[in-house]
Each structure stands twice: as C-alpha cells, then as structure tokens.
Amino acid sequence: MHPEVSQDEPGACPDCGMALEAEIDGFGGGAPAEKYICPMHPDVVSDGPGSCPDCGMALEPEAPPAGGAPAENPELKDFTRRLVVSAVLTVPVVVVAMGEMVVAGGVVSPAASPWIQFVLASAVVLWGGKVFFERGWQSVRTGKFNMFTLIALGTGMAWLASTAGMVVPGIFPEAFRGPNGEAPLYFEAAAVIVTLVLAGQVMELRAREKTSDALAQLIGLAPPTARLIHECGAEMDVALERLKFGDLLRVRPGESLPADGIVTEGHSAIDESMITGEPLPVEKGEGDAVTGGTINGAGTFVMRVEHSGGDMLLGRIVRLVAAAQRSRAPAQRLADSVAVVFVPLVIAIAVVSFVAWALFGPPPAMAFGLICAVSVLIIACPCALGLATPMSLMVGMGRGAHLGVLFRDGEALEALQSVDTIILDKTGTLTEGRSSLTDIVSFGEEHENSLLAIAASLEKGSEHPLADAVLTATEKAGISAEAAGDTKILPGRGLSGVVSGSRYFLGNDAMIRGDGIEGEDGDTRLGALREQGKTIVYLAGERRLMGALAFADVLREGALEAARALRRDGVEIIIASGDAPEAVKPVALGLGIDDYFAAQSPVDKAALVDQLLKDGRRVGFAGDGINDAPALAAATVGIAMGSGSDIAMESAGVSLLGGDIRKLATARALSRAVTRNIKQNLVFAFGYNSLGVPIAAGVLFPVFGIVLSPMLAAAAMSLSSVSIIANALRLGQAKL
C-alpha cells in the first residue's frame, strides 16, 4: 500500500502494519530481491515478512519468484487454521449462551454454563484473535487507528468484563444485573466477532493470492531454458539468465520463444496472440522480429537475442501487471476510515462517562462509572459494522454467479457501477476470437461449393487455424471432401495437393507471385473484402487462379446489443486492439463506436488506461487475452471474458462467464444495487452505534433515570445485526 516504504529485512509496514512483500528484481533468471509490500498501502515496503504499521495487515511478496511457481502464503495458512478452530469453538459458545432451553433442560447446568463459555471463548479470543490484538496494539503505539483497533478494543473489553462478571459478579451494581442477579456475559459476542473477522481476512487473503497466481502464470510463459548455438556450432540447453545480447538460439517446433530477437535463419509461423490478440499465426522469416513467450509453429529457425530476462516484452508486461495490482490494492475499508475518528471518540466518551459518574453519580459512584465506561467500549465493538459490507457483498456475489458474472472481490463489485469509460478489446471480446470463412469468390465457372470442397481436401490434416474455418464451413454446407494426396507445404506461401487427379494450390499473395499463377487477384470484389479487414486466401489450379476465400473474426452474438446498452447507461466506449487498423475499423463502425485504437501492444493498452485515469475517468477494461493483462490490472475495474485466458481472468476483478459481453450491463446494475444496499446497512450499523454509545454512557439518566442494561444492549446489538442480514438478503430478489 505504501511502495516508498522499503527495508532490507522482513518486517511490517510502519504506516499500516501490513506484512511487507518481496520485490522482484528480475525476470526469467537471477534471484529476486526479497521485498515485501503492504497490499493496502503499496508505499510500505520491507525486505521481509511482517505486518503493516498503518492497517495491521500482513505484508506479502511483491511478486512471485522468477521460476513462476507461487510461494505458499504463510499468513493465509495460519488464518485458515485459526478460522476453522475458532468456528468449531464458537458454535457451542453461542448455543450455550443463547440457548436457555439447553440450560433449562439440564443438558448444561446453570453453574457450568459460564465456565463452558469462558473456556471456549477464551481460546477463540486469546488464540484465534491474537493477531488482532497485536495489530490493534500496534495501531495504538503508532497513533494510526484502524479496524483492528476497534476489534481489539471491543472484543478485549467484552472478554474482560465477562470474565469479571463470572469470577467476581459482586463488583457489578444491582442495576446492571439480570433478574436472577447474574452479571452480564459477552463471551459469545466476543467469539462471534473474532470468527467473523477471521473469515473476512481469509477471503481477502485468498483473493490477493489469486493476483499472485496471475503473475506466476505470466512468468511461466517463458521456457526455463534456451537452445544456445555456440560459435563452434555445438548446441546445448542453458538457463535463461545466461543469455546475453547477440547470442544465437535455435527454436524448435511447438516451443515458446525464450527471448526477444531477430530471425537469422529459417522460417516459421508464430502464434503471437498473447501480444496482439490476433488468432492467426504470423509468418516469420529472416530479418523479422520475434517476441519472447510467443509460441513457435511447425517450423524451426535460428534467432539472435536482442532482449532477454526482464528487458524483454514479457518481462515488462509482468512488471506492468505487478505495479498495476499494487496501485489497485483494496482501498481502505470505510470502517477503517471511520475508525480514525471513531476510536478516539469512543475512548473519550468512555473516560468522560467514568469521570462524570464517579463525580456526580449515585453510590456506588465509582462502580457505576467503571461499568458505564466498560459498557461504552463493549457496545462500540463493530459487530453490526463488521456485517454491513460483507453480508451485502456475499449475497451480491452469489446473485452475480447465478447470472453468470463472477466478482473476484468486493472492491470490484462496488467500483463497477462508478465506471464512466469502458475500453473494449476486439479479438475474443467483441469478436469470436477465431477466424471464420465469410466469403467465397469464384473467378471462373466453378461453383462456390466446388471451390470449398477442393479447399477442404487440401486443408484436411493441416494444423493451420484457417483449416478449422474451412472444414467447419464445409460441414455446415453438408459438403464431403476427401483428403488430398501428395500434399506439400510451401513455406511462407501455403500448400498444394492432388485432388481427383489434379494439383491445386491454396495460399497467400506470395504463392501467386512466386509460382507464376495467373488470374484475377485484383478483382474489385477482393478489394472490398480487404477494406473490411478480411484475410484473403487464393485457390489455384495448374497455373490458373480459380477463386479466393475470405476469412474474418466475426462479431460475437450480442456485441451490438451490449454496445447500445452501455451507451444508454451513459458509458463512453473505446476499442483498443492489437490487430491492424483495417481489421479494427470495420468492427468499430459496425458497433457505432467512434474512438478506436489499432496495433496496440500490451504496454500501449496499459498506457491508454493510465492516461484516462489521469484525466479523471473511472475506467473499465474488457479483454480476454494475455496481452490484455496489464490493462486489466491497471483499470479501475478489469473485466475478463470467461472464455479467455486464465491470466486475463486472474488479472481482472470481474469475469463474464461464457464470454457474453451483454452480461456487462447486468453486472453494472448488480453493482449499483449492492452499493446501495451497503449504504443502507451502514446506516443501520452507524445508527446503532450513534444511539447505543451515548445511552450506554448514561446520558438519559439525569432526565429519565434510565441506565442502559448491558443485556438490553446485547439485544439491541442482535437486532441491528438481524436488520442488516435481512436487508442484505433482499439483494437476492432485487430487480436488475
């Protein structure tokens, strides 16, 4: 949370108390510097684990290790263990404390009930909640009060007062006792609060762990070794950290590229979808630039290293995502913000009430003063406040999952409704993310179905992405085609094969020029198709061009409907795509979107998001690919298509299952409903504290002679919590 806070050893952030995270110092080789950072305050950085001095949260590794394997989070493991044990012990405490029938029925004797509560609740409060007391005390020492201050203060006083009431009930004035003279016990309240807070902490830690998993997946795109060619011609596998500028590497079929560089020998088709989002492989030959982390096709080539390790594009993407996620660390919860004022105010009220009762109260004045002060601290415990936001988020997230919208955390759910600008990736978000055969052009007397049948015969057995599009179209048309014989690959041009005794060619412009094929490749129909951003593949016989097939990444079903819904909602829409301008423009025009950016690298997309944020916009970014990860993490809210890559989904706050972009409008409506519900719950919670604390302090006694019984206070606390739960459950039926 405070990136400017840095130290050479493990520890806690001096500002918020969260454990410092490890800071990665390199990529794809070399040992990372052990830096730990506060997820709530990125400016707090330490060289080792600890807790943040501002908010008390544990510091986390700033980035995963270079090997790509996410390290185990010791805090998550510890909190999960404490939660399980505390939950198991809290249930019988509540049953014994609240279940009068259990006691009356003889299952538990009245004399044993307080001691059972004491033993079980003590384990929960003193062991399960130990870390809360440590962080609460740290906040008192630093003067930076937060939610842990309230939790430690409230649960601590509840446990102390209950223990005193059980051991020495005589210190309580008669006015504060029950009808049978028993002193009030708050063991169950203290145990429940500790368990609820532990549950919230575990959910937060798991959400943040998924963020680290996304970075680990990005790092894992680079292979662990590279095939180095020595000057003598010998080849051997070496670790990536040993690579340097000018090294020659051999890249074999199906391998991911270990570095950025230039092809010096050979030819292949490279899957660069992680960078551009474009589903079609890109042909690469001598002199062409290639990017580390992309996937080689069927060819073999030699490349010269230009950038390796943290300097290559994949390394820069990792750093962009890590930096964006630190800036996107969860904002301080409202309760923490209120705690800065509320905690000192509650303490002041408790002190004033003690002094006022001690000086002006009826005998025993000191006892009344002490009990009123303790009552104020107990009533101020944020039980209802702790339920206000989590209950709404829990119900809202469940409703979203039912509708096919997954929210990674509460921050994303709350923030989505405030977005005023949404940037949409093209490939896989607005379009299907794969090429489809859209047009067949005949230059002679051949029927379109005949051309399609020949193309399908040639493509059978091919691994090229366009082969799937041809075969799918053939199947839809009900055309049968047998595999061509004597098939030959024409590197960088296409392929040829024998169908029904004749040789045919299927390929690109280079095939026509290189093989001297004559025909009508300048046909005006092809020019119109090119203007629409479609890919043209030619079909030829012996020295004669027969026709052409046009391929395009078609719009997703509902894309136009989604664009219209967002505009009606007052959202400005922008397209940012790694594809060429001729492929992006038709999509933008078809959706009525005026602002679009083509040929955008992952860095460009993140920079666009950053610029809009600096302009005061609330930016949402919707994408599905690895190349979208930095922008997804940098945006106010990242929206991943559920049909896209795991890295995109882990970098985003919202995932639309099935990749249906129309669900984005539904997600915004749900976000508004949840935010409204949270505000209503906070009114209940703060209303309770605003009324309960003064009454507990005794403000009604001088006029009405009324002193709030701790038992009535407990009932009021329960009623407040029930009201919040009931209001949150309304979200399950809210109209969206």
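The numbering used here applies: residue 366 is where the sequence shown begins, and numbers increase by one. In this text, a Cβ means the ideal position worked out from N, Cα and C, and glycines have one as well.
Note to self: Within 8 Å, do at least three Cβ pairs link the region 1030-1046 to the region 926-940?
What the structure shows: Flag = yes, the region 926-940 and the region 1030-1046 touch.
Checklist line | Beta-carbon proximity list for G1018, same chain, < 6 Å, skipping 5 on both sides | finding: So the list reads R773, A777, V1002, G1003, once near-sequence residues are dropped.
Checklist line | Alpha-carbon spacing of G1112 relative to F733, whole angstroms | finding: Only positions 366 to 1101 of the chain appear in the structure, and residue 1112 is not among them; the question remains open.
Margin query: Using only CA atoms, which one of A599, E596, T514, V863 lies nearest to V562?
Written below: Nearest option by C-alpha distance: T514.
Note to self: Give me, in chain order, the residues of the same chain whose beta-carbon lies closer than 7 Å to that of T445; leave out the 5 immediate sequence neighbours on both sides.
What the structure shows: Around T445, the same chain offers V567 as residues with beta carbons nearer than 7 Å, after the five sequence neighbours per side are excluded.
Check: Which of helix, strand or coil does DSSP assign to L550?
Finding: Three-state result, L550: coil.
Check: By DSSP, does A396 sit in helix, in strand, or in coil?
Finding: At A396, the pLDDT of 40 sits below 50, so the modelled position is not reliable and the matter cannot be decided from this model.
Check: Out of curiosity, what's the CA-to-CA distance linking D960 and D975?
Finding: The alpha-carbon of D960 is positioned some 17 Å away from that of D975.
Item checked: C417 (DSSP reduced to helix, strand or coil) -> Taken through DSSP and simplified to helix, strand or coil, C417 comes out as strand.
Next item on the list: Tell me whether E386 sits in a helix, a strand or coil according to DSSP, three-state version.
Entry: Low confidence applies to E386: its pLDDT is 48, below 50, so where it sits in the model is not reliable, and the reading given next is rough at best. In the three-state DSSP reduction, E386 falls in the coil class, being neither helix nor strand.
Margin query: DSSP has G626 in a bridge; who is on the other side?
Written below: According to DSSP, which records beta bridges pairwise, G626 is partnered with V655, V670.
Margin query: Here's a check: name, in chain order, each residue in its chain whose Cβ is nearer than 7 Å to the Cβ of E813, leaving out the five neighbours to either side.
Written below: Excluding residues within five positions, the ones whose Cβ falls inside 7 Å are I805, S807.
Margin query: Using C-beta distances below 6 Å, list every residue in its chain close to I939, excluding the 5 sequence neighbours before and after it, in chain order.
Written below: Here I939 has I788, D960 as same chain residues with Cβ atoms under 6 Å from its own Cβ, once five neighbours each way along the sequence are excluded.
Margin query: For R858, tell me which candidate among V864, S845, Y903 has the shortest Cα-Cα distance.
Written below: Per the C-alpha coordinates, the member of V864, S845, Y903 positioned closest to R858 is Y903.
Item checked: Among L518, K1044, V453, nearest to V708 - alpha-carbon criterion -> Nearest neighbour of V708 by Cα position, chosen from L518, K1044, V453, turns out to be L518.
Notebook entry, point to check: Which same chain residues, not among the five before or five after E369, have their C-beta less than 6 Å away from its C-beta?
Noted result: In this predicted model, E369 has a pLDDT of only 48, less than 50, meaning its place in the structure is not dependable; the value taken from the coordinates is given anyway. Scanning its chain for C-beta atoms nearer than 6 Å, with the 5 sequence neighbours on each side dropped, one finds around E369 the residues D408, in chain order.
Next item on the list: Label F1069 either buried or exposed according to how many other C-beta atoms from any shown protein chain fall within 10 Å of its C-beta, with 16 as the threshold for buried.
Entry: Around the beta-carbon of F1069, fewer than 16 other beta-carbon atoms lie within 10 Å, marking it exposed.
Check: At which residues does the beta strand (DSSP E) containing E600 begin and terminate?
Finding: 600-604 is the extent of the beta strand (DSSP E) around E600.
Item checked: Where T792 sits in the DSSP three-state scheme -> Correct three-state label for T792: coil.
Check: Would you report the Cα separation of C403 and S827, rounded to the nearest angstrom?
Finding: Their backbone Cα atoms lie some 51 Å apart in a straight line.
Next item on the list: State the DSSP-derived secondary structure class of L1065, mapped to helix, strand or coil.
Entry: Three-state result, L1065: coil.
Next item on the list: For L778, name the three-state secondary structure that DSSP assigns.
Entry: In the structure shown, L778 sits in a helix (DSSP, three-state: H, G or I).
Notebook entry, point to check: Below 8 Å between beta carbons: does that hold for G598 and R669?
Noted result: No; because the gap between Cβ atoms is not below 8 Å, this pair is not in contact.
Next item on the list: Quick one: give me the first and last residue of the beta strand (DSSP E) that R909 is part of.
Entry: For R909, the enclosing beta strand (DSSP E) stretches over residues 909-917.
Checklist line | Cβ-based burial, A480 [other Cβ within 10 Å; buried from 16] | finding: First, the amino acid is wrong: residue 480 is Trp here, not Ala. Burial call: exposed.
Item checked: Cβ pair count under 8 Å reaching 3, the region 888-898 against the region 790-802 -> The answer is no - the region 790-802 does not touch the region 888-898, with fewer than three Cβ pairs under 8 Å.
Note to self: So, under 8 Å CB-CB, G658 and L679 are touching, yes? Tell me the CB distance rounded to an integer number of Å.
What the structure shows: Going by Cβ atoms, the distance from G658 to L679 rounds to 4 Å, so yes, they are a contact pair.
Next item on the list: Grab me the residues of G395's own chain with a C-beta within less than 6 Å of its C-beta, minus the 5 sequence neighbours each way, in chain order.
Entry: Low confidence applies here, because G395 scores a pLDDT of 41, under 50, leaving its location unreliable; read the following figure in that light. Correct list, in chain order: E606.
Item checked: Secondary structure of E425, DSSP reduced to three states -> Note: E425 maps to strand in three-state DSSP.
Check: Given L997, which residues of its chain have a CB within under 7 Å of its CB, disregarding the five upstream and five downstream residues?
Finding: Contacts found: F986, G988, G1003, A1005, A1013, S1016, A1017.
Check: Can you name, in chain order, every residue of its own chain whose Cβ lies under 7 Å from the Cβ of L1101, other than the five neighbours on each side?
Finding: For L1101, where only same-chain residues beyond five positions count, the Cβ hits under 7 Å are T1031, A1034, L1035, A1038.
Notebook entry, point to check: I think M522 touches L742, with their Cβ atoms under 8 Å apart; what is that distance to the nearest whole Å?
Noted result: Cβ atoms of M522 and L742 come within 8 Å of each other, at about 4 Å.
Notebook entry, point to check: When the Cα atoms are used, what is the spatial distance from Y401 to D1025?
Noted result: If you take the alpha carbons of Y401 and D1025, they lie about 38 Å apart.
Next item on the list: Could you please give the first and the last residue of the uninterrupted alpha helix (DSSP H) stretch that includes D1114?
Entry: Residue 1114 cannot be examined here, being either before or after the span of the chain that is shown, 366 to 1101.
Item checked: Of the residues H595, S845, P946, P995, the one placed nearest A821, counting alpha carbons only -> Comparing alpha-carbon positions, the option among H595, S845, P946, P995 lying closest to A821 turns out to be S845.
Checklist line | Bounding residues of the beta strand (DSSP E) (the contiguous stretch that carries K649) | finding: Looking at the DSSP string, the run of the beta strand (DSSP E) that includes K649 is 647-649.
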